[in-house]
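J.: Anchor point for the sequence shown: position 50 equals 51 in our numbering, and the numbering is continuous, going up by one each time.
Built from N, CA and C at the ideal position, the CB exists for glycine as well.
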Amino acid sequence: MDASDEYAPGPTGTEAFLYWEAHRRTACRRAAVFAGRVAGLSEAQRAEIEWWYAEEQLQLCRKMRRHITDHFTSIERHHARRYARLRRGAYAVTTLIGMVMALVCGVVLLSGIG
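#1: Using a Cβ-Cβ cut-off of 7 Å (strictly less than) and excluding sequence neighbours within five positions of Cys62, which residues of its own chain qualify?
#2: Taking its Cβ as the centre, do 16 or more other Cβ atoms sit within 10 Å of Glu77, making it buried, or is it exposed?
#3: Out of curiosity, what's the CA-to-CA distance linking Val94 and Met102?
#4: Restricting to Cα atoms, I'd like to know which of Arg66, Gly41 and Cys29 is closest to Ala17.
#5: Would you check if there are 3 or more beta carbon pairs closer than 8 Å linking the stretch 19-33 to the stretch 48-55?
#6: Let me confirm a value: Glu160 is counted as buried when at least 16 other C-beta atoms fall within 10 Å, else exposed. Which label applies?
#7: Which class does Gly41 belong to by DSSP, given the choice of helix, strand or coil?
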C-alpha cells in the first residue's frame, strides 16, 4: 500500500502522512506477529494473512477518518448557519435601535422648534 495518495502538501499534510505511515507500519507489524503465531502456514499463506490484516486495518483507518471528517464538516456547517442567524439578528436589532434613535432625535427637534 502506497501512502503517498494520502499526502497533502503543507505541515498538516506532512503530519498526516507521517501518522499514516506509522499506522501502516504498526498494522504490518501486528499482522506479522499474528501470522507468526499460527502454526503450519506456508510463506505464501503467511504473506496473504499479513497483507489482508494490514489492508483491513488501513480500511478501518480510512473509514474512521471519513467519519470524523464528515462529523466535523456537519458541525462546521451547523455553526456557520447559527452564526449567520445571530449576525442577521444583530443587524436587525442595530437597525431598529438606529431607527428609534432617529425618531427620538426627530421628536426632540420638533418639540424644540414648536
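T.: For this structure:
#1: Around Cys62: His24.
#2: Sixteen is the threshold: since fewer than 16 other Cβ atoms of the shown chains lie within 10 Å of the Cβ of Glu77, the residue is exposed.
#3: Their Cα atoms are separated by approximately 12 Å.
#4: It is Arg66.
#5: With the cut-off at 8 Å, the stretch 19-33 and the stretch 48-55 touch.
#6: Not covered by the structure: residue 160. The range shown for the chain is 2 to 115.
#7: Collapsing the DSSP output to three states places Gly41 in coil.
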